[in-house]
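Below is one structure, written out as structure tokens; the observations come after it.
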Amino acid sequence: MTQPITELSDRMREIFAAVVDSYLERGLPVGSKALSDSVNLSPASIRGVMQELEELGLLTHPHTSAGRIPTDSGLRLFVDGIMQVAAPDPRETAEIERRIARDQPIEDALAAASAALSGLSQAAGVVLAPKRELTLKQLSFVPLDAGRALAVLVGADGTVENRVIALDGGVSAAALSDVSNFANARLSGLTLAEAGARLRSAIRERKEAVDSAAAELVASGLAAWSQDHVRRPVLIVRGQATLIDDGAAADLERVRQLLDELESRQEIAKVLEGARDAPSCRVFIGSENRAFALSGSSVIAAPYRGTQGEVVGVVGVIGPTRLNYARVVPMVVFTAKALTRLMA
Numbered sequence: 002m003t004q005p006i007t008e009l010s011d012r013m014r015e016i017f018a019a020v021v022d023s024y025l026e027r028g029l030p031v032g033s034k035a036l037s038d039s040v041n042l043s044p045a046s047i048r049g050v051m052q053e054l055e056e057l058g059l060l061t062h063p064h065t066s067a068g069r070i071p072t073d074s075g076l077r078l079f080v081d082g083i084m085q086v087a088a089p090d091p092r093e094t095a096e097i098e099r100r101i102a103r104d105q106p107i108e109d110a111l112a113a114a115s116a117a118l119s120g121l122s123q124a125a126g127v128v129l130a131p132k133r134e135l136t137l138k139q140l141s142f143v144p145l146d147a148g149r150a151l152a153v154l155v156g157a158d159g160t161v162e163n164r165v166i167a168l169d170g171g172v173s174a175a176a177l178s179d180v181s182n183f184a185n186a187r188l189s190g191l192t193l194a195e196a197g198a199r200l201r202s203a204i205r206e207r208k209e210a211v212d213s214a215a216a217e218l219v220a221s222g223l224a225a226w227s228q229d230h231v232r233r234p235v236l237i238v239r240g241q242a243t244l245i246d247d248g249a250a251a252d253l254e255r256v257r258q259l260l261d262e263l264e265s266r267q268e269i270a271k272v273l274e275g276a277r278d279a280p281s282c283r284v285f286i287g288s289e290n291r292a293f294a295l296s297g298s299s300v301i302a303a304p305y306r307g308t309q310g311e312v313v314g315v316v317g318v319i320g321p322t323r324l325n326y327a328r329v330v331p332m333v334v335f336t337a338k339a340l341t342r343l344m345a
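Printed below as a string of structure tokens:
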């Protein structure tokens, strides 16, 4: 466990803050000689204090470098105990508001918010969007063999999904064709859950000349498909290319690992879900976050709310641990508030 910030001496706090500030600005280890220009101590005295901070788990020296950088625990201590979050920059807030103006579909506004955060923070912008159920446009079946058929579902948003279904009870291809004709004529425009319920109602009331076994099979399939969509995270990621900046050349393996991790949408969604209950903003630093432990990256995320005040999604950035937390945290918080206003 790291030392509480209140238990550090004034000299230790001053040098620790100077190391963190230098690391966040340049992303490089800092030595005692460099610090002696800004700290009124000799390099030898600074080295002694830096050694004490290293023994406390707040600093480390990478490889054979004589300089120090903050550990993940040190950055956490800095974020929680030293950093004073400033108000967001008016120029940045104006740019965010311009990008997520009300005269566009909400999906476009969410993508724009992610892109705006990426451009302003020089990190990857991420948005966990509200979960929305797919609306049915067209349903068709392609027989594969005596016991299986390929179900092809087209959503109103152009989404196309395929699933292989088992034809239990000897449901024929002709019976499936009748059900798909009924679905396309009578159920188009409904959510998958609504379509499944409407189809079951038609079976019970026997108002449609469709095979009940085939109709029940399709209704069950629509219900399962609906649940899958409700559980599936809708994640928007923008700006991965910004992570490959001039400073990345010295740490290409870490950047490659982060880009690989960004491809794992399920893991990112789990991390962002952890910020849903945050009162304002949550910061995950390096190894604190299992999903990004290999790349040593940080996540700054804040929840945004819907019309009833309920949390409907999370917005944030993912980047190297040397993010400018004092600048990016208020930027993310402002974006979450702007999206909340947009949802109202």
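Throughout the sequence shown, residue numbering follows our numbering, covering 2 to 345 in sequence. By construction, the Cβ of each residue, glycine as well, lies at the ideal position given by its N, Cα and C atoms.
The three-state secondary structure of K132, taken from DSSP, is coil. Taking C-beta atoms as the reference points, L118 and T322 fail to come closer than 8 Å.
Relative to K132, the option among L9, L154, N325 and E311 whose CA is nearest is E311.
Residue ranges of uninterrupted alpha helix (DSSP H) with 4 or more members, entirely inside the stretch 100-184 and ordered along the chain, are 107-122. Residue A19 holds the alpha-carbon nearest to the alpha-carbon of L59 among E93, A19 and E96. Between G120 and the set G320, P71, K271 and A216, the nearest pair of CA atoms involves G320.
As a beta-bridge residue in DSSP terms, R69 pairs with V31.
Between the alpha carbons of S221 and D90 lies a distance of about 52 Å. The three-state secondary structure of L263, taken from DSSP, is helix.
R100 places its beta carbon less than 8 Å from that of A113. Looking at the DSSP output, S298 bridges to P321. Under the three-state reduction of DSSP output, L25 falls in the helix class.
Cα atoms of L200 and V235: separation of roughly 27 Å, rounded to the nearest angstrom. For F335, the enclosing alpha helix (DSSP H) begins and ends at Y326 to M344. Straight through space, the alpha carbons of E195 and A124 are spaced by roughly 40 Å. For V20, the three-state secondary structure derived from DSSP is helix. As the crow flies, the alpha-carbon of P331 is around 7 Å from that of A87. Membership of L236 in the beta strand (DSSP E) is indicated by the continuous run V235 to R239. In the DSSP assignment, T61 is bridged to I70.
About 6 Å separates the CB atoms of I70 and T61; that is less than 8 Å, so the two are in contact. About 6 Å separates the Cβ atoms of V40 and E15, confirming a contact at the 8 Å cut-off. The beta-bridge partner set that DSSP reports for V316 consists of V128 and A303. Residue M344 holds the alpha-carbon nearest to the alpha-carbon of G307 among S299, V334, S227 and M344.
The three-state secondary structure of R201, taken from DSSP, is helix. Between V143 and V153, the beta carbon gap of about 7 Å places them in contact (Cβ cut-off 8 Å). In the three-state reduction of the DSSP assignment, V80 falls in the helix class.
Per DSSP, V50 is one residue of the alpha helix (DSSP H) stretching across P44 to E56.
The alpha-carbon of A110 is positioned some 12 Å away from that of T341. Rounded to the nearest whole angstrom, the CA to CA distance from Y326 to L168 is 56 Å. The continuous beta strand (DSSP E) containing V284 extends over residues R283 to I286. The straight-line gap separating the alpha-carbon atoms of D11 and M51 is approximately 13 Å.
Listed in chain order, the non-local C-beta contacts of L324 below 8 Å within the same chain comprise L25, S122, A124, S299, I301 and V318, local neighbours out to five positions each way being set aside. Contact annotation: L193 and L135 have beta-carbon atoms nearer than 8 Å. Distance from the CA of R277 to the CA of G148, rounded to the nearest whole angstrom, comes to 44 Å.
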